[in-house]
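Residue numbering for the sequence shown follows this note's numbering, beginning at 261 and increasing consecutively. We put the beta carbon where it would ideally sit given N, CA and C, even for glycine.
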Amino acid sequence: MKEIKAIIRPVRLDDVREALMRTPGFPGMTVTHVEGCSAPGRHQPQNLKEELLDFSPKVRIDMVVPDEYADILYDTLKLAASTGHIGDGLVWMGEVSRCDYLWQPGQRGG
261 MKEIKAIIRP
271 VRLDDVREAL
281 MRTPGFPGMT
291 VTHVEGCSAP
301 GRHQPQNLKE
311 ELLDFSPKVR
321 IDMVVPDEYA
331 DILYDTLKLA
341 ASTGHIGDGL
351 VWMGEVSRCD
361 YLWQPGQRGG
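What follows is the structure, given as structure tokens:
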């Protein structure tokens, strides 16, 4: 299993969701609204107020996916999220040593 994570622009979330929903093996995703700032040197605040308010809204996406779908889901997310400009965010993938669904088919909800 693989874990795919991304930090993207909020305006790209709808496009990312639509693209992923059309992709085979899409298991669903968790979306969290977060804030972030750029690395030192990429943007220099002009005053203290700008330095203290240097955070911009972002969206974090988390998915755990089967190995056989990981590359296509990673590439789909990356393509759908990118505008080609600085500040688009980042996407990364890592190994998951163990993962279980808490609900199993045939179980009754309650």
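Which residue spans inside the segment 336-370 form an unbroken beta strand (DSSP E) run of at least 3? 349-355
Nearest candidate by alpha-carbon position, reference residue 289, set 352, 350 and 325: 325
Look up residue 296 in the DSSP assignment and give the residues it is bridged to. 316
Looking at the strands, I want to know which residues DSSP matches up with residue 281. BP columns for residue 281 are empty, so no partner.
Among 366, 268, 279 and 278, which residue has its Cα nearest to the Cα of residue 294? 268
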